[in-house]
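Peer 1: The structure that follows is given in the form of structure tokens.
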Amino acid sequence: MYNFIKGIVDEITSTSVIIDCHGVGYEIFTPNPYSFNEGEETKVYVYFHIREDEQSLYGFKKKEEKELFLQLINVKGLGPKMALPIIAMGSINGIADAINRENLLYLKKFPKIGDKLARQMILDLKGKLIVNGEIVDDEKDELLEALKGLGYKDKDIKAILPRVNKEVKIEEQIKEALRLLVGR
């Protein structure tokens with residue numbers, strides 16, 4: 076329904092910001108309200124949550140945070156109020172890494188996330204987290220970072236990534252990627 080709201084930050088509370096958009100004050104629950112500055116114009120990517128007894132806006136400074144939030148709230152037993160602290164306390168890559176590597180200890184550090192819910196997150200999201208239209212895959216990220224470290228540009232790397240065999244060890248993936256990059 077809503078994609079974003081652009082306006083002036085009118086007030087900051089411990090859990091939300093009030094955005095004045097043409098004379099209407101929208102209360103938007105956000106992972107880190109203190110990252111906003113009062114009196115400053117801002118763009119907040121929002122999710123409109125509707126339940127029988129509640130209508131709430133949840134907002135994020137980055138599209139990637141919103142995408143992760145939407146995937147987290149689809150996990151059985153994990154609602155918007157539980158997903159916000161996860162995004163506030165963890166990085167997108169850190170959360171994706173923990174889910175893909177089945178790191179229960181990392182996931183259980185978030186408020187109200189116990190063993191059962193951490194396992195459910197892994198079950199529902201492992202290998203399925205999508206950020207910026209791409210599935211977050213640790214091995215692909217590891218390969219991407221290794222090639223960036225060698226000085227290759229993002230666009231060149233992304234052009235050859237689909238042709239690299241993901242079934243082999245990372246060392247072999249790097250060798251294959253280098254062969255493809257040199258052959259370009």
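Residue 221 in the numbering used here sits at position 146 of the sequence shown; the count goes up by one each step and never skips. We treat Cβ as the ideally placed atom computed from N, Cα and C, and that holds for glycine.
1. Rounded to the nearest angstrom, what separates residue 189 and residue 247 at their Cα positions?
2. Measure how close the beta-carbons of residue 218 and residue 243 come, nearest whole angstrom, since I'm counting them as under 8 Å.
3. Straight-line CA distance for residue 165 to residue 109?
4. Between which two residues does the alpha helix (DSSP H) holding residue 169 run?
5. Grab the span of the alpha helix (DSSP H) containing residue 194 for me, first residue to last.
6. For residue 101, which three-state DSSP category applies?
7. State yes or no: is the C-beta of residue 136 within less than 8 Å of the C-beta of residue 119?
8. For residue 106, is the classification buried or exposed, using 16 other Cβ atoms within 10 angstroms of its Cβ as the cut-off for buried?
9. Count the other CB atoms, across all protein chains shown, that sit within 10 Å of the CB of residue 134; report buried if there are 16 or more and exposed otherwise.
10. Determine the burial state of residue 99: buried for a count of at least 16 other Cβ atoms within 10 Å of its Cβ, exposed for fewer.
11. Look up residue 130 in the DSSP assignment and give the residues it is bridged to.
12. Alpha carbons only, please: which of 78, 115 and 77 is nearest the one belonging to residue 95?
13. Using the Cα positions of residue 128 and residue 156, report the straight-line distance between them to the nearest angstrom.
14. Just how far apart, CA to CA, sit residue 180 and residue 203?
15. Under a Cβ-count criterion, where at least 16 other Cβ atoms within 10 Å of its own Cβ denotes burial, should residue 175 be classed as buried or exposed?
16. Using DSSP with H/G/I as helix, E/B as strand and the rest coil, what is residue 118?
17. Report yes if the C-beta distance between residue 143 and residue 104 is below 8 Å; otherwise report no.
18. Measuring alpha carbon to alpha carbon, tell me which residue in 77, 158 and 82 is nearest residue 90.
19. Taking the alpha helix (DSSP H) that residue 249 falls in, what are its first and last residues?
Peer 2: According to the structure data:
1. Within the sequence shown, numbered from 1, the residue matching residue 189 stands at position 114. Within the sequence shown, numbered from 1, the residue matching residue 247 stands at position 172. Within the model, the alpha-carbon separation for residue 189 versus residue 247 is close to 37 Å.
2. Within the sequence shown, the letter at position 143 stands for residue 218. Within the sequence shown, the letter at position 168 stands for residue 243. Not a contact, Cβ separation roughly 11 Å.
3. Residue numbering aside, residue 165 sits at position 90 when the sequence shown is read from its first letter. Residue numbering aside, residue 109 sits at position 34 when the sequence shown is read from its first letter. Rounded to whole angstroms, residue 165 to residue 109 spans 16 Å at the Cα level.
4. The count along the sequence shown starts at 1 and reaches residue 169 at position 94. Here the alpha helix (DSSP H) through residue 169 covers 167-175.
5. Numbered from 1 along the sequence shown, position 119 holds the residue referred to as residue 194. Residues 190-200.
6. Looking up residue 101 in the sequence shown gives position 26. Correct three-state label for residue 101: strand.
7. As a working mapping, residue 136 is identified with position 61 in the sequence shown. As a working mapping, residue 119 is identified with position 44 in the sequence shown. Yes, Cβ-Cβ distance for residue 136 and residue 119 is below 8 Å.
8. Here the question's residue 106 lines up with position 31 in the sequence shown. Burial call: buried.
9. The count along the sequence shown starts at 1 and reaches residue 134 at position 59. Classification for residue 134: buried.
10. Start at 1 with the first residue of the sequence shown, and residue 99 comes out as number 24. Taking all protein chains shown into account, residue 99 has fewer than 16 neighbouring C-beta atoms within 10 Å of its C-beta and is therefore exposed.
11. Taking the first residue of the sequence shown as 1, we reach residue 130 at position 55. According to DSSP, residue 130 bridges with 125.
12. Here residue 95 refers to the residue found at position 20 when the sequence shown is read from its first residue. Its Cα nearest to that of residue 95, the residue 115 stands out among 78, 115 and 77.
13. If you number the sequence shown from 1, residue 128 lands on position 53. If you number the sequence shown from 1, residue 156 lands on position 81. Inter-residue distance for residue 128 and residue 156 is about 15 Å (C-alpha atoms, whole angstroms).
14. Along the sequence shown, one-based indexing puts residue 180 at 105. Along the sequence shown, one-based indexing puts residue 203 at 128. If you draw a straight line from the Cα of residue 180 to the Cα of residue 203, it is about 20 Å long.
15. Residue mapping note: residue 175 aligns to position 100 of the sequence shown, counting from 1. Answer is buried; the Cβ neighbour count reaches 16.
16. For this step, residue 118 is matched to residue 43 along the sequence shown. In the three-state scheme derived from DSSP, where H, G and I count as helix and E and B as strand, residue 118 is classed as strand.
17. Start at 1 with the first residue of the sequence shown, and residue 143 comes out as number 68. Start at 1 with the first residue of the sequence shown, and residue 104 comes out as number 29. Judged by beta-carbon spacing, residue 104 lies beyond the 8 Å limit of residue 143, meaning their Cβ atoms are not closer than that value.
18. Counted from its first residue, the sequence shown places residue 90 at position 15. For residue 90, the nearest C-alpha among the options comes from 158.
19. Position 174 of the sequence shown holds residue 249. If you look at residue 249, you'll find it in the alpha helix (DSSP H) that goes 245-257.
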